[in-house]
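Right, one structure below, let's go through it.
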Amino acid sequence: MSLSKTKERLLRLLGQDDNRVIALSGKWGTGKTHLWNEVRTASANEKAKKALYVSLFGLSSVDQMKRKLIESAIPGVESHGGVFDGIKNLFNASMSAASQHYKAMAALKDLNVLLMAPVVLRDKLIVIDDIERKHTKLGIDEVLGFIDDYSKQFNVRFLLVLNDDQLSTDGGQAKLWETFREKVIDEEVRLMTSPEEAFSIAIKLTPSKYAQGLERAIAICGLTNIRIVGKVVKTANQILAGRDLDQAILARVVPSIVLFSAIHYRGIPDGPDFQFALNVANPDWMHFGRDNNAELTEQEKLEDSWRLLMEELGVHCCDEFEKVLVDFLESGLFDAERVQTIIDRLIAGTQSLQTRETAHDFLKRAFWDHRLSDADLLAQAGQFPACAELLDPYIATQLFDTLCELPEGQALGHAIINAWITAFEEENYQYVEDDNPFNNPIHPDIQAAVNAAKARTQASTTIVDACLDIINNRGWGTLQEVAMKRATVADFDAAIRSMEVDTLRQFMRRMIEMCLQRSTYDAHFGTATQHFLDACRAISSDSNSPRLAALINKLFAKTALAIELTPLTPAQVEPVVKAD
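Mapping of the sequence shown onto the numbering used here: residues 9 to 588, in sequence order.
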C-alpha cells in the first residue's frame, strides 16, 4: 500500500477505539517513522497527537522501556495536575537524598519510578519503534507480554512500527510473532513505498539540481529505501558539484551514478556487483562459463535481468567515469581533479554526446519498437555515416551489429564503420592508454585502425616521455613499458646529454631509484635499468663533458650503485651507437 493510502487507512484505524493494537509494517528505510509523524500531525485524535514514542534500539529490558516512556510522558502529564507533581517531587526529593548514602535506596528509587508506569501510561497511545534493533537480552515475548498486559489492564493503545524484513526468527521467535499477529494485533497496515514516494521524501532532506534525472534512474532501479535514496542523491551532488550540465551529459553520467551507488549501498535486492556492471558490454563476461544447450541457472537468469536493467538505464558500457565512480565509492576518497577532467572532456564533446544519445535511442527503438518496419529503421539510421566521427567505437560497432540483422542493412553498417575509420585516421589520433579497460565489443576494422595508431604512438614515445609519465602518474602502462624496454644505451646517453636541467633532475632521481630496486622494475622494463647504468658509466668518464661527468659521479657516489660506474674491461664493453 502506498504512502498516501497507508496514511489514510492509519488515520481511520486510529479513530476507531476498538483497535487496541495496530501494526505498521514494511521494509527497513521505507518511511514508516516519517509516515507516523505525518499521521500524528494530521490526526484529529487527541491521543494520537500526544502519543508517547519509544525506540527499543539497544534496550535490554521492559523496565528500561517503561522508564523511557515515563521520562517522555512526565513533561506532558497535565491531567494528573498537582497530585502527580506532588508524588513525583516526593519520590525525587526523598529518594535522591537517601540514594547518596545507600545503593539500596537508589534501587528503590528506580522501583518507585516503575510503579508510576500504570498511572502515567494509562489511556495513552504508545508508539513502539525499532523492535528489531532491541538488545538480545530483551525477548520478543517480554515486549509482547507488556503490550498485551497494558492494552487489557490499563486501556493503553499501541502502534507498533515493524521492519518485518529484519525481525529475528531465531529460537522460535517467528512462531511468537505469528501467534502475536493472530491473537494480539487488531489491525496491520503494510507500507509499500514506491520509488517515486521514497525520492520525494529524500529530495526534501537532500535537495539536488539534478532531481529530474535522479528520479528517473532511481525509479528504474526500484529504490524504495529512503536512507539509500538520500545517499545516492548525496553522491550525485558530491560528484557533479553543482555544475550546470547539458542534458546530454546528465543522461550520460546520472544513470551510472545511481546504479553504482545503489550497488554500493545494497539498495537493489539480488542486484549486480561492481564487476558485472563494469563489464556489462564485455563479450568475454556475457557468456562466460555458459552451456548454451543447458537450461539457464538461477545465476544466469539474474545476470540476464541485470543486463535488462542496465539497458533500460542507458548504461550500455563503462569507461573511465565509472572507474572513478567505483574508486570513490569503495575508498571514500574523492578525486575532484579526475572528475573535473572527465566532465570537462564531456562538456567539450557535447555534440558527440548528443549524437551518441541519438544512437542509443535508435538502438533502443530497434530492439523494442516492433511497430517499426525494417525500412523505417534503415531510414532513421541513414543519418549516422555523416556523423560517424562523433560516435565512440563501441556505439559504432553496436550500430553495425544491429543493422546487419536487417535485410539490406549491412551496406549501411559498413558505411558507418568506414566513415568512423576515415575520420579517426584524418585526426591523427594519439593512442590513449587503457582505452578499452572492460573489453567492450569493437568492430575488427576499427580495432585494426586503433592498433595501428597505438603502434605509431609507441614508436614515437621517447624514454624521457616514458620516465616522466611514470614520475607524474606514479605508475605506468603498456605505452611506458614498451618505450622502456625498447630504449638502448644510446637512447639513454642522448637523453641525459640533451634534456633540460629540471627534467634531468627528475629523470636521474627516478632512474636511480629504479636501479636500486631492479628486482621490482626489471620484470616490467626489461634491460632498461642496465642500459641506463651503462650510459651513465660511459658519461662519467667522458673527458669531453667534464661537468656532466662530475654530476653523474656525484649522484652515484652516495648510493650502493657507485660501483656500477667502475670502467669495464675491454671484453665487457658494449659499443655505444649514438642515437639519431
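Note that beta-carbon positions come from the ideal geometry of N, C-alpha and C, so glycine has one too.
Keep in mind that this is a model prediction, so the values were computed, not measured.
Per DSSP, reduced to three states, the secondary structure at N233 is coil, with no helix or strand assignment. Between the stretch 347-364 and the stretch 304-321 there are fewer than three C-beta pairs closer than 8 Å, too few to call the two in contact.
Between I134 and D278, the alpha-carbon positions lie close to 36 Å from each other. If you draw a straight line from the Cα of V262 to the Cα of A367, it is about 18 Å long. Taken in chain order, the complete beta strand (DSSP E) segments of 3 residues or longer contained in the stretch 195-281 are 195-198.
The Cβ atoms of I30 and I193 sit closer than 9 Å to each other. Residue nearest to K55 within the set F375, A431, L19 and R364 is L19 (criterion: CA-CA distance). Residues C475 of the same chain have their beta carbon placed closer than 6 Å to that of F515, with the five preceding and five following residues left out of the count. Here V266 really is in contact with I226; their C-beta atoms are around 6 Å apart, less than 8 Å. Taken through DSSP and simplified to helix, strand or coil, G37 comes out as coil.
For K145, the closest of G66, D173, A259 and R130 by C-alpha to C-alpha distance is G66. In this structure the stretch 155-163 touches the stretch 120-131; the number of beta carbon pairs closer than 8 Å is three or more.
Going by C-alpha positions, F370 is about 7 Å away from A389. Taking 9 Å as the cut-off, the beta carbon of C326 is found closer than this to the beta carbon of S264. By the C-beta density criterion, F408 is buried, having at least 16 other C-beta atoms within 10 angstroms. One thing to note: R165 has its Cβ within 9 Å of the Cβ of K132. Following the DSSP letters along the chain, one finds L407 in no beta strand (DSSP E) but inside the alpha helix (DSSP H) bounded by residues P401 to C412. Residue state for A56 is assigned as helix, using DSSP reduced to three classes.
In its chain, beyond the 5 residues on either side, D343, R346, V347 and I350 have a beta carbon closer than 8 Å to the beta carbon of V332. Rounded to the nearest angstrom, the Cβ distance from L222 to A244 is 6 Å, consistent with a contact under 8 Å. About 5 Å separates the CB atoms of S63 and D137; that is less than 8 Å, so the two are in contact. Counted as a single uninterrupted DSSP element, the stretch harbouring N552 is not any beta strand (DSSP E), since DSSP gives it neither H nor E.
Just measuring C-alpha positions, the residue of Y273, L168 and P554 sitting nearest N27 is L168.
F282 sits close to V334, with the two beta carbons spaced by under 9 Å. Under the criterion of beta carbons closer than 8 Å, C523 and T511 do not qualify as touching, at roughly 18 Å. Rounded to whole angstroms, the separation of the alpha carbons of I236 and L337 is 13 Å. Relative to G39, the option among L199, D25 and F500 whose CA is nearest is L199.
The three-state secondary structure of S12, taken from DSSP, is helix.
F564 sits in a helix when the DSSP states are folded into three classes.
Straight through space, the alpha carbons of E196 and L43 are spaced by roughly 15 Å. Following the DSSP letters along the chain, one finds I425 inside the alpha helix (DSSP H) bounded by residues Q418 to E434. Pairing F375 with E319 gives a Cβ-Cβ distance under 9 Å.
Counting along the chain, R165 sits inside the beta strand (DSSP E) bounded by residues R165 to N171. The C-alpha of Y218 is placed about 39 Å away from the C-alpha of L22. Judged by DSSP in its simplified three-state form, A387 adopts helix. Under the DSSP assignment, I193 falls outside any beta strand (DSSP E); it carries neither an H nor an E label.
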